[in-house]
Amino acid sequence: MPFYPEHVREHFLNPRNVGEISGAEAVGNAGSFVCGALLRFTLQVDSATQRIADAKFKATGCGYLIASASLTTELIRGMKMGEAAALNEDEIMRELGCVPPYKSHCVALCREALHAAAVNYRQTTLEEWTGEEALICTCFGVSESRIETIIQSNSLRTVEQVTRACHAGAGCGSCQPLIQDILDDYWRTKDARV
Numbered sequence: 073m074p075f076y077p078e079h080v081r082e083h084f085l086n087p088r089n090v091g092e093i094s095g096a097e098a099v100g101n102a103g104s105f106v107c108g109a110l111l112r113f114t115l116q117v118d119s120a121t122q123r124i125a126d127a128k129f130k131a132t133g134c135g136y137l138i139a140s141a142s143l144t145t146e147l148i149r150g151m152k153m154g155e156a157a158a159l160n161e162d163e164i165m166r167e168l169g170c171v172p173p174y175k176s177h178c179v180a181l182c183r184e185a186l187h188a189a190a191v192n193y194r195q196t197t198l199e200e201w202t203g204e205e206a207l208i209c210t211c212f213g214v215s216e217s218r219i220e221t222i223i224q225s226n227s228l229r230t231v232e233q234v235t236r237a238c239h240a241g242a243g244c245g246s247c248q249p250l251i252q253d254i255l256d257d258y259w260r261t262k263d264a265r266v
């Protein structure tokens, strides 16, 4: 009888996406004192779509950690950073298959490293907020006046275009209706003047 379940064994013996992305937009590290394991995710984010284009990992640890990290890199490709950061341990375990309770900390390390990568990405793309104007996107610190300026100077018409231009709306997404309101107000006012 094999030591690891089949799906875990497959990802452990043939791990996907091992390595490190040079010039990665997001880097997340996690470690465990329980077993001495270390994990590092490096992520490449497509600036046009704000989706994870590539994900790699480096790890020292048992087969469950290697398998969890390998699977996680496959799961998060194509996700927005906020979606990846929201990926929970249960989802990873469900995809991985049978993970004994005494190895659940391996999956938890993946979750922690993803969260650290999301925080790192946010910090590197955060705009400086002056504090006196309305803050629309709290994830990336984008103000209402910044969004209005970008819309006006680039004749933007969709939330996706605004997101590509300044990251507003790329995090949790809760500000997207506000961005749409700003777009609607701008174009309604502009069209009324014509």
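With the first letter of the sequence shown counted as 1, position 36 gets the number 108 in the working numbering; the numbers rise by one all the way through. Quick reminder that beta carbons are idealized off the backbone N, C-alpha and C, glycines included.
key: Sequence-distant residues of the same chain with beta carbon closer than 7 Å to A102, five excluded per side   = Working through the sequence shown from its first residue, we reach residue 102 at position 30. Contacts found: L111, L181, E184, A185 and A188.
message = So, with DSSP's three-state summary, where would you put Q116?
response = Within the sequence shown, the letter at position 44 stands for residue 116. It is a strand residue.
key: Cβ separation of Q122 and A242, assumed to be a contact under 8 Å, to the nearest whole Å   = By 1-based counting over the sequence shown, the position of residue 122 is 50. By 1-based counting over the sequence shown, the position of residue 242 is 170. Sure, about 4 Å apart at Cβ, within 8 Å.
task = Report the residue ranges of all alpha helix (DSSP H) runs contained in full by the segment 148–179; include only those spanning at least 4 residues, in chain order.
result = 153–158 and 161–168
task = Give the DSSP bridge partners of R123, in chain order.
result = Within the sequence shown, numbered from 1, the residue matching residue 123 stands at position 51. Answer by DSSP bridge pairing, in chain order: D118 and K152.
request  = Count the C-beta pairs between the segment 164–176 and the segment 201–216 that are closer than 8 Å, then say yes if the count reaches three, no if not.
outcome  = no
message = As an exercise, report each continuous alpha helix (DSSP H) stretch of at least 4 residues that is fully enclosed by the segment 188–220, in chain order.
response = none
inquiry  = If the criterion is Cβ atoms closer than 9 Å, does the pair F75 and G154 meet it?
reply    = Looking up residue 75 in the sequence shown gives position 3. Looking up residue 154 in the sequence shown gives position 82. Their beta carbons are not under 9 Å apart, which means F75 does not touch G154 by this criterion.
key: Alpha carbon of A120 to alpha carbon of D256, nearest angstrom   = Counted from its first residue, the sequence shown places residue 120 at position 48. Counted from its first residue, the sequence shown places residue 256 at position 184. Spanning the two alpha carbons is a distance of roughly 22 Å.
key: Beta-carbon proximity list for M151, same chain, < 6 Å, skipping 5 on both sides   = Residue numbering aside, residue 151 sits at position 79 when the sequence shown is read from its first letter. Answer for M151: I124, listed in chain order.
ask   = To which residues of the same chain is E220 closer than 8 Å at the C-beta, ignoring the five residues directly before and after it?
value = Taking the sequence shown and counting its residues from 1, the one referred to as residue 220 is at position 148. Result list for E220: I254 and Y258, in chain order.
query = Taking DSSP as the reference, what is the three-state secondary structure of G133?
reply = Along the sequence shown, read from residue 1 onward, the residue named residue 133 stands at position 61. Coil.
task = Kindly indicate which three-state DSSP category N226 falls into: helix, strand or coil?
result = Within the sequence shown, the letter at position 154 stands for residue 226. Reduced to three states, the DSSP call for N226 is helix.
Presumed contact (8 Å Cβ cut-off) between G133 and F113, rounded CB distance = Translated into the one-based positions of the sequence shown, residue 133 becomes position 61. Translated into the one-based positions of the sequence shown, residue 113 becomes position 41. At roughly 14 Å, the Cβ-Cβ gap does not stay under 8 Å, so G133 and F113 are not in contact.
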